[in-house]
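Trainee: Below: one structure in structure tokens.
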Amino acid sequence: MSYFAGLDVSLRSVSICVIDGDGKIALERTVPFEIEDVIACLRSVDGTIEQVGFEAGVMSQHLYHGLVAADFETICMEARQVAAALSAMRNKTDKNDARGIAQVLRSGWFSEVHIKSRDSHYNRALLTSRKTILRKCIDLEQEVRGLIRVFGVRLPTPLSHRKFEQTVLPIIEADDQIAYALMPMIEAWRSLYTAFLELDRRVKATARKDPTCLLLMTAPGVGPIAALTFKAAVDDPSRFKSSRIVGAHFGLTPRRFQSGEKDQTGHMRRAGDADVRAALYSAANSLLMRTKAPSHLKTWGMQLVRTRGRRRATVALARKLAVILHRMWADGTEFRLTGMEVQT
Numbered sequence: 018m019s020y021f022a023g024l025d026v027s028l029r030s031v032s033i034c035v036i037d038g039d040g041k042i043a044l045e046r047t048v049p050f051e052i053e054d055v056i057a058c059l060r061s062v063d064g065t066i067e068q069v070g071f072e073a074g075v076m077s078q079h080l081y082h083g084l085v086a087a088d089f090e091t092i093c094m095e096a097r098q099v100a101a102a103l104s105a106m107r108n109k110t111d112k113n114d115a116r117g118i119a120q121v122l123r124s125g126w127f128s129e130v131h132i133k134s135r136d137s138h139y140n141r142a143l144l145t146s147r148k149t150i151l152r153k154c155i156d157l158e159q160e161v162r163g164l165i166r167v168f169g170v171r172l173p174t175p176l177s178h179r180k181f182e183q184t185v186l187p188i189i190e191a192d193d194q195i196a197y198a199l200m201p202m203i204e205a206w207r208s209l210y211t212a213f214l215e216l217d218r219r220v221k222a223t224a225r226k227d228p229t230c231l232l233l234m235t236a237p238g239v240g241p242i243a244a245l246t247f248k249a250a251v252d253d254p255s256r257f258k259s260s261r262i263v264g265a266h267f268g269l270t271p272r273r274f275q276s277g278e279k280d281q282t283g284h285m286r287r288a289g290d291a292d293v294r295a296a297l298y299s300a301a302n303s304l305l306m307r308t309k310a311p312s313h314l315k316t317w318g319m320q321l322v323r324t325r326g327r328r329r330a331t332v333a334l335a336r337k338l339a340v341i342l343h344r345m346w347a348d349g350t351e352f353r354l355t356g357m358e359v360q361t
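Start counting the sequence shown at 18; every next residue gets the next number (our numbering).
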């Protein structure tokens, strides 16, 4: 007899529910979150487990690769869809969630989530480390700016990270009491900024050594950060049936609510990876404002700026960039400039 196994995964334990083809429960158990314990529990079932399913989460990759290595057909399901199915249950417990996931798996009402490669997660960890350190540097800069403003000192805006210390340090050292309070913060900022520069160097070096990133960087406005962010998020271009889907996957399409005679189009959906969305938006803005080389892409974007405004044009250009970058990656072709001049 064939069985379906639903797993409700938490940080330290896994609730397992195995049901047969008729939906009857064959096994229910909670085991520690160790791959060996989960596999041993599944193999204790007297029959063939056709599919093992769980919803996407932080530990999905580790669990997926462990089960696949043990020759189980493993499916990672979209979390929002599973949550909608489990919301019908009266009581939310790990045991009931495992039952619900098993029933969803048996019914086939789910969307499978792509499990990214380890290289993709390594690149993502590098990008996230860089972003986190940069955010902490900005937080300290803003805190120092606010604290010395009380004493009538107003720092210039904008003030680059490189010039921050040489601008602030003479002001702080001029007053012993201010220096006593703020010098440890400046020293902390200096250490963080040094770490950021090293991470920034590593990100750019990784992108420049990667053939895919070098290919994506031939598109105007796309630098090492945007290229590596896009590559880490997409991972495998073949998982998208059409390049047009990529823009919607990263939330760069407008919301839509249609029911009966009502059909409303709203603002950008902002679904998916926010880091990719920000990188594409930054690349589109760079293409519009900084790139001097003429191209059909910039011509199209500048026409939108005149008719729809800069913000909407940048979002539309970011969506188009996502489609073009995916197509370039899938086909292995570089971006081709047309030499068209922007009409004014």
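A virtual CB, placed ideally from N, CA and C, is assigned to each residue, including glycine. These numbers were taken from a predicted model, which means no experiment stands behind them.
What does the alpha-carbon distance come out to for the pair M11 and V251?
Mentor: With the chain running from 18 to 361 in the structure shown, residue 11 is simply not present.
Trainee: From R29 to I52, what does the alpha carbon distance come to, in whole angstroms?
Mentor: 11 Å
Trainee: Using CA atoms only, rank isn't needed, just tell me which of L157, L199 and A335 is closest to E291.
Mentor: Before going further, note that residue 291 is Ala rather than Glu in the sequence given. Checked all of L157, L199 and A335; the closest Cα to A291 is A335.
Trainee: Confirm, please, whether the CB-CB distance from R123 to F213 is below 8 Å.
Mentor: no
Trainee: Between which two residues does the alpha helix (DSSP H) holding R179 run?
Mentor: H178 to E190
Trainee: For M94 versus G64, is the C-beta distance shorter than 8 Å?
Mentor: no
Trainee: By DSSP, does L24 sit in helix, in strand, or in coil?
Mentor: strand
Trainee: What three-state label does DSSP hand H131 in the structure shown?
Mentor: coil
Trainee: Kindly indicate which residue of V239, A43 and S77 has the alpha-carbon position closest to the one of S299.
Mentor: V239
Trainee: Count the other CB atoms, across all protein chains shown, that sit within 10 Å of the CB of N140; report buried if there are 16 or more and exposed otherwise.
Mentor: The residue is buried, with at least 16 neighbouring Cβ atoms inside 10 Å.
Trainee: Report, in whole angstroms, the separation of the C-beta atoms of L151 and A249, which I expect to be a contact under 8 Å.
Mentor: Not quite, the Cβ-Cβ distance comes to about 17 Å (not below 8 Å), so this is no contact.
Trainee: Three or more C-beta pairs under 8 Å: does that hold for the segment 160-169 against the segment 221-231?
Mentor: Result no; under three Cβ-Cβ pairs closer than 8 Å.
Trainee: So for T47, helix, strand or coil by DSSP?
Mentor: strand
Trainee: Where does the unbroken beta strand (DSSP E) through S32 begin, and where does it stop?
Mentor: S30 to D37
Trainee: Just the C-alpha distance for Q281 and Y81, rounded to the nearest angstrom, thanks.
Mentor: 39 Å
Trainee: Using CA atoms only, rank isn't needed, just tell me which of G264, H138, V69 and R261 is closest to V85.
Mentor: V69
Trainee: When DSSP labels each residue in this structure, what does D280 get in the three-state scheme?
Mentor: strand
Trainee: Going by beta-carbon coordinates alone, are I188 and V170 separated by less than 8 Å?
Mentor: I188 places its beta carbon less than 8 Å from that of V170.
Trainee: Report the rounded CA-to-CA distance for C34 versus A115, giving the unit in angstroms.
Mentor: 5 Å
Trainee: Going by DSSP, which residues form a beta bridge with G70?
Mentor: G23 and I92
Trainee: So for M306, helix, strand or coil by DSSP?
Mentor: Helix, per DSSP.
Trainee: Report the option in T235, R307 and D25 whose CA atom is closest to the CA atom of V75.
Mentor: D25
Trainee: Within 8 Å, do at least three Cβ pairs link the segment 173-183 to the segment 257-271?
Mentor: no
Trainee: Quick one: is E72 near chain D, going by C-beta distance under 8 Å?
Mentor: In the structure shown, chain D does not exist; there is a single protein chain.
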